[in-house]
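Chains as they are written, first to last, in this note's numbering: chain A, 168 to 330; chain B, 168 to 330; chain C, 457 to 538; chain D, 457 to 538.
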C-alpha cells in the first residue's frame, strides 16, 4: 500500500449524502475530472434477476434499513480506496460514503467519487470498481421492508483470504 | 428519436452546478443508480499531451472564460441526450449542464448525469459517452487566462454530416 | 436577395472583431461562396478558415450546401467546452 | 482461557436473537471449533452456517485459523450494502 497525500474520505453516516461538499473535498488544484456513483433506494424493482448475486422478482419496497459493522466497514472502505489507488495511480481524491439507518425510495444511500486530472485516465473505471468492491467486502447489510413483509437482503460474495 | 417520459435536464447557466438538486431531479421511483461526471477548471496541468484533441504543455491556469452559442448548444445537448437514450434504453433520467462565464480553478464547469434502475446496465458508459459527445458537438468554447497570457482553446473534432 | 445574419464565436469573434454581421446574399448561395464573401469583407477570418465550422439554423453545415432564406449562420472553431 | 466477544449482524443477529455474546475459549481454538461451540449454545445459528462469514479483529477469517487472545469476532452473512 503506497502512502498518498491525496484526500481520502471514508464515512458511514446517518446524515444525507452531500454530493457538492464531497466532490469539493476531493478536488485539488490539479483536478479536472470527477467520476461519481450514487446508489438510491428503489421503490419499484421491475426486473426479475440477479444483481450483486441477489435474486429477486419484481416488487415494491417501502423502505430499507441499513446496518453496518462500523469499525470493520470503515477499515474495508479504506481498503477499497487503497485498492483503487493501487490500480489507478492517476486517481487524486477518493470519497466513499455509506448512509445507514431507515432510508426511503429515491434516497441516495451510497456514494463513490474519484477525481483525476483528466477524464481519460481510468477515473470512470475506478469509481465503478469502487462500488463493485464495496458491495463485495464492506460489512453492511440492508433489510427490505415491503408492503407484504420484511427480509434481510443477503449478498453472495465470499471474500477470499487476504481480502 | 423515440419519445421518452423520462426527465431530461439541459442547462447552460452562469450559476453554480448543484449536484444534489440535479441528481434528485433525475431520480425516479425505479431508479437505483446514478453515474455522474463533473469536470473542473484545472489550476495546474502537469502532463504534456493531448486531450480532446488539444495539445498542451504543463502550465498554470488563472481562470477560464466560457462562451456558448446558447441556442445551438442547447439543441446539441438535447441531441447528446437523445443519442444516449438511443444507445442505452435503460437510462431513466439525464442531466447535462454547462456552466459558462469566468470560472476559477477547482470550480465544476460541466455535469453529465445518467440514472438507471441498476448500475450494471451501461449507466457508467452512458455518462462517459455524454461527456465525450459534449466535447465534440456542443458549441461551447473556453478562453484560458494564464499568468503570462491568454488563449482561446480550440478542439479538433470536425462534425460530420447529420451530426 | 437573401438577408442572413452571421454570428462569430470564440477565435472567429476575436478575429472578426465583432460578434455578428448582417449580409444580403444572392439566392442559392452556398456555404463555400459565403465563406469567400466573408473573407472579402473581413480578411482576418482567412487564417482560421481551415478549422472553421459553420452552422446554419443551429445545425452543422457543409461547403456545398445552399443557404436558406433568412438563415441564422454561425462561424466558430472546433468546440472546446466541458 | 481466551476471552473473546462475538458480534452478530443482520440475519445472524436475528437468528441469535442478540447482537453479541462473550465466550471463554480454550487456547488455540480455531474458527471451525468456535462455530461448533456457538451452534451448541445457539442452535438457531446452524441453518445459516453455510453462508456465514467470520471476521477476527475486523478482517475476514477462515475455518482453520487460530483465534488470538481477546479477539473481536463477528458472524454475518455475505454483505448487501451500497
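Yeah, the Cβ is synthetic: ideal placement off N, Cα and C, and Gly gets one too.
{"Asked": "Limits of the unbroken alpha helix (DSSP H) element including residue 299(A)", "Found": "290–304"}
{"Asked": "Selection of the region 264–297 of chain A by Cβ proximity to chain D, strictly under 8 Å", "Found": "265, 276 and 277"}
{"Asked": "Residue-level contact to chain D via CB, residue 316(A), 7 Å cutoff", "Found": "no"}
{"Asked": "Where the region 223–237 of chain B meets chain C: residues whose CB sits under 8 Å from a CB there", "Found": "233, 234, 235 and 236"}
{"Asked": "Residue ranges of each alpha helix (DSSP H) within the region 209–288 of chain B, 4 or longer", "Found": "237–254"}
{"Asked": "Alpha helix (DSSP H) segment containing residue 489(C), residue limits", "Found": "487–497"}
{"Asked": "Beta carbon proximity, residue 516(D) to chain A, threshold 7 Å", "Found": "yes"}
{"Asked": "Counted within 10 angstroms of its Cβ, other Cβ atoms place residue 261(A) as buried (16 or more) or exposed", "Found": "buried"}
{"Asked": "Buried or exposed by the 16-neighbour rule on C-beta atoms within 10 Å, applied to residue 252(A)", "Found": "buried"}
{"Asked": "Contacts that residue 207(A) makes with chain B (C-beta to C-beta distance below 9 Å)", "Found": "190, 194, 198, 199, 200, 201 and 282"}
{"Asked": "Given 8 Å, three or more beta-carbon pairs between the region 290–299 of chain B and the region 223–231 of chain B", "Found": "no"}
{"Asked": "Beta-bridge partners of residue 458(C), as assigned by DSSP", "Found": "481(C)"}
{"Asked": "Proximal chain A residues relative to residue 312(B), where beta-carbon distance stays under 7 Å", "Found": "Result: empty, since nearest Cβ-Cβ is about 15 Å, beyond 7 Å."}
{"Asked": "Within-7 Å CB hit, residue 466(C) to chain B", "Found": "yes"}
{"Asked": "Sequence-distant residues of its chain with Cβ nearer than 6 Å to residue 169(A) (five each side left out)", "Found": "In this prediction, residue 169(A) scores a pLDDT of 49, lower than 50, which makes its location untrustworthy; the coordinate-derived value is nonetheless stated afterwards. Taken in chain order, the list of residues that qualify is empty."}
{"Asked": "Residue 506(C) to residue 322(B) span [Cα, whole Å]", "Found": "13 Å"}
{"Asked": "Below-7 Å beta-carbon distance, residue 186(A) vs any chain D residue", "Found": "no"}
{"Asked": "Cβ-Cβ distance between residue 178(A) and residue 257(A) below 7 Å", "Found": "no"}
{"Asked": "C-alpha distance - residue 490(D) paired with residue 282(B), whole-angstrom precision", "Found": "45 Å"}
{"Asked": "Alpha carbon of residue 278(B) to alpha carbon of residue 205(B), nearest angstrom", "Found": "4 Å"}
{"Asked": "Spatial distance of residue 459(C) from residue 286(B) (CA atoms)", "Found": "51 Å"}
{"Asked": "For residue 205(A), three-class secondary structure by DSSP", "Found": "strand"}
{"Asked": "7 Å Cβ cutoff met for residue 471(C) and residue 504(C)", "Found": "yes"}
{"Asked": "Through-space distance from residue 192(A) to residue 530(D), alpha-carbon basis", "Found": "33 Å"}
{"Asked": "Cβ neighbour criterion (16 or more within 10 Å) applied to residue 233(B)", "Found": "buried"}
{"Asked": "Reference residue 272(A), options 198(B), 214(B), 202(B) and 329(B), closest by Cα", "Found": "198(B)"}
{"Asked": "Chain A contacts from the region 458–483 of chain D (Cβ-Cβ distance under 9 Å)", "Found": "463, 465, 466, 467, 469 and 470"}
{"Asked": "Inter-residue Cα distance where the pair is residue 499(D) and residue 324(A)", "Found": "25 Å"}
{"Asked": "Identity of the residue in 200(B), 259(B), 266(B) and 254(B) nearest residue 240(B) by Cα", "Found": "266(B)"}
{"Asked": "Under 9 Å from the C-beta of residue 213(B): neighbouring residues of chain A", "Found": "197 and 284"}
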